Amino acid sequence: MTATGDRSKTAPLRPGSNDIGARLDALSRFLVPHMLLIAASLLVLAMVIIVIVRLWDQSPANTQEAVRGTLELLYFLAGAGLVVTAALALRFAKAQVRQAQDDHRLATRAHQASVFLDIEKRWGSPETAESRKLVAGLRENLGRQYQGREQEWGRIVDDQLTALRHDPHAVTQYFAIMEVFFFLESLGLMARPHRNYLPMRDVMALIEPALRTYDPLFRAHLEGRFDAWKQNALSEADRAGASPATHEEGTFANALYLLDIATRRQPAP
1354 MTATGDRSKT
1364 APLRPGSNDI
1374 GARLDALSRF
1384 LVPHMLLIAA
1394 SLLVLAMVII
1404 VIVRLWDQSP
1414 ANTQEAVRGT
1424 LELLYFLAGA
1434 GLVVTAALAL
1444 RFAKAQVRQA
1454 QDDHRLATRA
1464 HQASVFLDIE
1474 KRWGSPETAE
1484 SRKLVAGLRE
1494 NLGRQYQGRE
1504 QEWGRIVDDQ
1514 LTALRHDPHA
1524 VTQYFAIMEV
1534 FFFLESLGLM
1544 ARPHRNYLPM
1554 RDVMALIEPA
1564 LRTYDPLFRA
1574 HLEGRFDAWK
1584 QNALSEADRA
1594 GASPATHEEG
1604 TFANALYLLD
1614 IATRRQPAP
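Mapped onto the working numbering, the consecutive letters of the sequence shown carry residue numbers 1354 to 1622.
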């Protein structure tokens, strides 16, 4: 027999299923409905006896005393039963809440893991890989042609990309280079804190080195595209407060948001 088969026979079905807390939870699930039924029955019986006593006002004193004692016993049993039932019900409710919270956390982590695997696949997809290769080639050309002028590389790249974008014969090359930033735009949207699709630390673990490389080369071009969007899409009153940190919409706002976090211009959420 395999080790897996041995474990399936000897291991508990759920972690902690044999401990005292789990057994009490199981017991409370069984007892709560039954004890509620018993307590309710005792209360109904007590009310019936009360009615009988009122009808038997002329009954002998010893009979009334016996009925009164029975009534007090029933009240005591019903009250005690309700107290025990309430305690068990509270424990059962807490166990249900804990289970729901655990299930929610597991479902959230499973969803995040699935999204993260999809991101890894797209990061390594042929289109994105080709874009990253073109970006690396662009950087190598800058190093050969403009060595010692690193402070100007952002402006030079912006000029080159703008020329490609407006050239009908070269616009395909522009989109091929920018494919990686289209991916970052989607990733930045999912990594926004309030969306809770992905923890930012996981995103940065995957792409932070690449973002730090891209920032000095492409920031000028991305900011230019974002500024152009502001001019066309926002009113004059809204333009002053518009930034990649405050906007999820707008050309490359989310890609710039990731660049800001990777380069510490924007604090990590």
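Glycine included, each C-beta is placed from N, C-alpha and C at the ideal position.
Here the structure is a predicted model, which is why all the values come from computation and not from measurement.
Here the alpha carbons of residue 1618 and residue 1554 stand approximately 16 Å from one another. Residues 1484, 1487, 1488, 1491, 1514 and 1517 of the same chain have their beta carbon placed closer than 8 Å to that of residue 1530, with the five preceding and five following residues left out of the count. The three-state reading of DSSP puts residue 1547 in coil, since its state is none of H, G, I, E or B. A distance of 8 Å or more separates the beta carbons of residue 1551 and residue 1608.
Judged by pairs of C-beta atoms under 8 Å, the region 1582-1594 does not touch the region 1494-1513, as fewer than three such pairs exist. If you check the CB distance, residue 1603 and residue 1511 do not come in under 8 Å. The shortest C-alpha to C-alpha distance from residue 1571 to any of 1522, 1475 and 1527 is the one to 1527. CA-to-CA, the gap between residue 1595 and residue 1439 works out to about 55 Å. The residue from 1475, 1466, 1460 and 1620 with its alpha-carbon nearest to that of residue 1539 is 1475.
In the DSSP annotation of this structure, the continuous segment of the alpha helix (DSSP H) that includes residue 1491 starts and ends at 1479-1498. Under the three-state reduction of DSSP, residue 1520 is assigned to coil, being neither helix nor strand. Here residue 1544 is buried: its Cβ has 16 or more other Cβ atoms, across all protein chains shown, within 10 Å. In the DSSP assignment, residue 1561 falls within the unbroken alpha helix (DSSP H) covering 1553-1586. A distance of 8 Å or more separates the beta carbons of residue 1566 and residue 1532. Residue 1564 and residue 1605 do not touch by the CB rule: their CB atoms are close to 13 Å apart, not below 8 Å. Inter-residue distance for residue 1614 and residue 1477 is about 22 Å (C-alpha atoms, whole angstroms). Distance from the CA atom of residue 1436 to the CA atom of residue 1393, rounded to whole angstroms, is 12 Å. In the structure shown, residue 1394 falls within a helical segment according to DSSP collapsed to helix, strand and coil. By the neighbour-count definition (other C-beta atoms within 10 Å, threshold 16), residue 1600 is a buried residue. DSSP places residue 1589 inside the alpha helix (DSSP H), whose first and last residues are 1589-1592. One alpha carbon belongs to residue 1549, the other to residue 1620, and they sit about 17 Å apart.
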